[in-house]
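Visitor: Residue numbers (my numbering): 268 to 533.
1) Leaving aside the five residues before and after residue 488 along the sequence, list all residues of the same chain whose C-beta is less than 8 Å from its C-beta, in chain order.
2) Specify the secondary structure class of residue 389 as computed by DSSP and reduced to three states.
3) Beta strand (DSSP E) containing residue 479: first to last residue?
4) Is the beta carbon of residue 308 closer than 8 Å to that of residue 356?
5) Quick one: what does DSSP say residue 270 is sitting in, helix, strand or coil?
6) Please list the terminal residues of the continuous alpha helix (DSSP H) segment that includes residue 285.
7) Using CA coordinates, which residue listed in 479, 279, 317, 304 is at the minimum distance from residue 436?
8) Which runs of the alpha helix (DSSP H) at least 4 residues long sit entirely within the stretch 413 to 496? Give them in chain order.
9) Quick check: what's the CA-CA separation for residue 283 versus residue 302?
10) Quick one: is residue 500 buried, meaning 16 or more other Cβ sit within 10 Å of its Cβ, or exposed?
11) If I measure Cβ to Cβ from residue 399 and keep anything under 7 Å in the same chain, skipping five residues before and after, which residues do I get?
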């Protein structure tokens, strides 16, 4: 019996196809997760976020079935979408992954303030439509030219489009904010015209653009005098302050098949 965590009906249907050989106990995001040695997350980064905040990694490992929109974490860890047979679960590689803590919550991917959070917020009501929701929400966000004044570790930064704190130096769809191979966390500040920044981001040129600055560190504090768009993984909200640090806790996931050479996030 597999315990499968899913965010909505579409993910549940698709997960049933990829796990057709198994008996399944379904758990929807928002419901209590029963005790289990293996939990399948059938969704994106937000589903994984819910899982890591509601399980005990001393007892439970994660198997990621990337059925979300961006699937950024799965892309970074080279986890493909595939059929999972009973035999597959007999041959796997167990690995630990770092986690962030944001406002005392565990986070698998990152957090931020500004237009990046606007895009997440605009896209979320239409999550089941997939990737086009991000494109539409990006266009909507670019039509609003205002920038933000955000304090970064006590120093006020004027005219920022967005500030992103990323555990892996990457954001949605695994697009890079830095060329570093090792996990961070990294903080990236982006200025400029929204449309110009969006084009460079989609082309993967943000690390080389003078309008983007990235620094590394173990902890960051983002502050605003007024509540502005913010996000933690795929959850968007309004906030005045985000406290982000590298967590002492580690996540445990399994990768099906034979172990591959090299680091999984290369």
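Where a beta carbon is used, it is the ideal one built from N, C-alpha and C, also for glycine.
Please read all numbers here as calculations on a predicted model, not as lab measurements.
Guide: This is what the structure holds:
1) 418, 419, 420, 421, 508, 509, 510, 511
2) A caution first: residue 389 carries a pLDDT of 46, below 50, which makes its placement in the model unreliable, though a value can still be read off. Helix at residue 389.
3) 479 to 483
4) no
5) strand
6) 276 to 285
7) 479
8) 461 to 469
9) 21 Å
10) buried
11) Residue confidence for residue 399 is low, a pLDDT of 48 falling below 50, so the modelled location carries little weight; the figure read from the coordinates is stated next. Excluding sequence neighbours, residue 399 sits near nothing in its chain.
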